[in-house]
Amino acid sequence: MNNEVLAKMEDLALVSFDEAERESVLTEMAEVMACLDAIKAADAEGAEPMIYVQALENVFREDEVHEFPRIDDILENAPDEMEHQFVAPPTFD
Amino acid sequence: MTNQNPLALAQAIRAGTCTVAEAIAPYIEKIEQDGSLFSSFDREAAAAQIDAVQARLRAGEALSPLAGMPVAVTETICTQGEETAAGSKMLAGFKPPFEAMAVTKLKEAGMIVLGKLKTDEFGCDGLGCTAPLAIKKGQVLLGFGCDTGGSLRAPAVQNGVYCVKPTYGAVSRAGLIAYASSMDQVSVFAPDLALCEAGLMAVAGHDPADSTSLETPLPPAGGFSVSGRKVGILKEALEETDEAGKAAVKAAADAFAAAGAQVMELSIPQVKNALAAYLIIATAEASGNMARFDGIKYGYQTPHYENLFDLYLKSRSEGFGRKMKERLGLGSLMLSEGYYDDYYDKAMRVRGQIAAAVKAAFDQVDCLLTPVFPANADFDAATLLGAEKNNRLLTAASLTGRPSLVIPAEAQNGVQLIGRYMEDLTLLAFGRAAAPERSGV
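The listed protein sequences derive, respectively, from chains A and Y. In terms of the numbering used here, the first sequence has 97 at position 93, counting the first letter as 1, and numbering is strictly consecutive. In terms of the numbering used here, the second sequence has 229 at position 227, counting the first letter as 1, and numbering is strictly consecutive.
Quick look at the structure:
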């Protein structure tokens with residue numbers, strides 16, 4: 005764990021840590037990575053990856069429209085709304 | 003009235019010798035004396051529910067054994083029109099336009115959902131979970147929340163309350179604010195095992211809205227007896243715990259033996275990797291689930307930004323707390339080039355190894371017995387790893403999706419019982435044998 009890896013984590017997760025806490029975040033993440041070494045060291049040769057505990061299958065249903073009756077309730081949660089739509093900044097300059 | 007046996011009180015409500023309002027009043031009074039454990043409590047909404055349940059009872063509707071009883075859900079479970087912030091600035095003010103299936107089922111069963119109980123951010127590690135305290139203070143009878151890697155079971159035992167994490171898929175996750183989808187499961191807090199069972203039965207069942215919801219109902223335990231059954235004490239967990247944990251396991255083992263069960267020690271070395279596998283898989287899943295929080299659709303939006311990317315970055319950086327940002331960074335890293343094969347893929351293979359080893363153990367035994375906390379558990383842990391280490395004996399059940407019941411004992415430790423898939427009710431019967439003096443009615 006170093007500043008470069010921490011910067012990669014921030015970039016990938018789209019978050020940034022305050023400058024004042026970077027040093028302690030680095031220390032904590034180094035402890036976490038040391039704990040995760042158990043996985044690197046584990047012998048998993050031949051083991052199948054387990055994503056879900058159940059064997060998931062596609063769940064099919066009829067392609068029917070189900071009206072959601074409370075559109076206004078959804079838009080009430082939007083930080084900014086105009087003409088029944090979410091407002092976002094321009095994507096292109 | 004909160005001192006009266008709750009199931010007897012519920013029976014009195016159904017018999018008409020006590021009204022729902024009379025039964026609920028002492029609980030509401032205690033919340034109004036100290037509402038600090040609740041993120042939201044609406045007396046008027048509670049009164050409306052009370053009137054509705056009373057009317058259903060008067061109309062002769064057959065309701066559940068807990069109809070009229072006061073419950074609450076953690077703030078990671080959606081309730082329509084009521085703030086559901088999941089303990090995060092990111093979701094401050096979010097009022098879901100729908101309610102979770104678990105809440106719908108509680109209301110259909112006639113329970114009174116009094117409000118929302120506080121959690122730590124997105125309920126990740128359970129250190130800020132107030133539900134067990136609300137039960138101990140007599141503010142609610144039951145609590146419901148989401149346990150991922152022990153985040154409900156740990157605070158339950160720390161505070162002297164029971165908790166059952168059901169078989170993965172036994173309870174719908176629809177309407178739950180997701181953290182790690184392959185392990186999140188609605189779980190039940192209760193002051194005794196009889197109420198644990200009643201609470202579980204109220205929320206369990208198939209839901210088409212959750213593609214991982216099991217179609218088969220939980221089979222009843224029937225006349226199950228532990229006599230002649232085999233209980234395995236997990237050696238690796240016993241080695242990690244303190245004197246209180248060992249004493250709790252010994253007391254449970256003695257109770258099992260007294261009830262005619264055969265108790266043996268067994269080893270599953272693969273579980274030593276459970277915490278590391280859990281951390282990788284849970285944070286990786288969280289990084290995907292939390293990608294939706296972008297400052298546009300709901301929740302926190304930074305007031306100052308220059309462009310769309312800046313809006314995303316600042317809203318997420320200011321909206322998430324430090325531990326959550328660490329989790330998201332870690333999870334994203336585990337899924338990235340250069341880390342995926344060594345960590346994420348390997349963790350999933352280790353998960354498969356653990357599941358296979360636990361399955362093989364169940365060829366020898368009918369129930370696994372472990373302590374709940376390792377030695378030196380730090381209930382004030384401020385770091386991501388510190389908090390997760392507390393819960394490390396609980397993660398194997400999460401990774402494998404097996405039902406896990408925790409029973410509190412002395413000195414903030416207790417025992418965990420892990421059962422067979424779908425045999426949650428049998429697991430509760432094992433619990434009654436492990437703690438016969440505190441099983442309720």
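Glycine residues also receive a C-beta, built at the ideal position from the N, C-alpha and C atoms. All values derive from a computational prediction rather than experimental measurement.
Residue pairing for Y/Ser406: DSSP places it in a beta bridge opposite Y/Lys167, Y/Ile420.
Taken through DSSP and simplified to helix, strand or coil, A/Ile43 comes out as helix.
Per DSSP, reduced to three states, the secondary structure at Y/Cys369 is strand. The C-alpha of Y/Leu371 lies about 25 Å from the C-alpha of Y/Ala182. Around the Cβ of A/Thr95, a 10 Å sphere holds fewer than 16 other Cβ atoms; the residue is exposed.
Taking C-beta atoms under 8 Å as the contact rule, Y/Leu216 and Y/Gly171 qualify, at a distance of about 4 Å. For a cut-off of 8 Å, the C-beta gap from Y/Leu129 to Y/Asp122 is around 5 Å, short enough to register as a contact.
Close to A/Glu52, with beta-carbon spacing below 8 Å, are these residues of chain Y in chain order: Arg351, Gly354. According to the DSSP assignment, Y/Glu242 belongs to the alpha helix (DSSP H) that extends over 237-242. For Y/Glu328, at least one C-beta of chain A is nearer than 8 Å to its own C-beta.
The C-beta of A/Phe72 has fewer than 16 other C-beta atoms within 10 Å across all chains shown, which makes the residue exposed. Residue environment: Y/Thr397 is assigned as buried (16 or more neighbouring CB atoms within 10 Å of its CB, all protein chains considered).
A/Val29 and A/Leu10 do touch by the CB rule: their CB atoms are close to 7 Å apart, below 8 Å. The distance from the Cβ of Y/Tyr300 to that of A/Asn81 is about 4 Å, consistent with a contact at the 8 Å cut-off. For A/Ala17, the closest of Y/Met292, Y/Asp365, Y/Pro219, Y/His306 by C-alpha to C-alpha distance is Y/Met292. DSSP places A/Leu10 in the uninterrupted alpha helix (DSSP H) bounded by 7-17.
By the Cβ neighbour-count rule, Y/Thr19 is exposed, with fewer than 16 other Cβ atoms within 10 Å of its own. The beta carbon of Y/Pro222 sits closer than 8 Å to those of Leu427, all from its chain and outside the five residues before and after it, given in chain order. Interface with chain Y (8 Å Cβ-Cβ cutoff): A/Glu35 is included. Between the beta-carbon of Y/Phe432 and that of Y/Val228 there is about 6 Å, and that keeps the pair under the 8 Å contact cut. Contact of Y/Asp344 with chain A by beta-carbon distance below 7 Å involves Lys44. Looking at the DSSP output, A/Met86 shares a beta bridge with A/Gln89.
Between the beta-carbon of Y/Val55 and that of Y/Thr81 there is about 16 Å, and that puts the pair past the 8 Å contact cut. Taking the beta carbon of Y/Gln303 as reference, the chain A residues within 8 Å of it are Pro83, Asp84, listed in sequence order. Residues of the same chain with a CB within less than 6 Å of the CB of Y/Leu93, apart from the 5 flanking positions on each side, are Ala87, Gly301 in chain order.
Chain A has no Cβ within less than 8 Å of the Cβ of Y/Ala284. Only those residues of the stretch 175-189 of chain Y whose C-beta falls short of 7 Å from the nearest C-beta of chain A are listed: Ser184.
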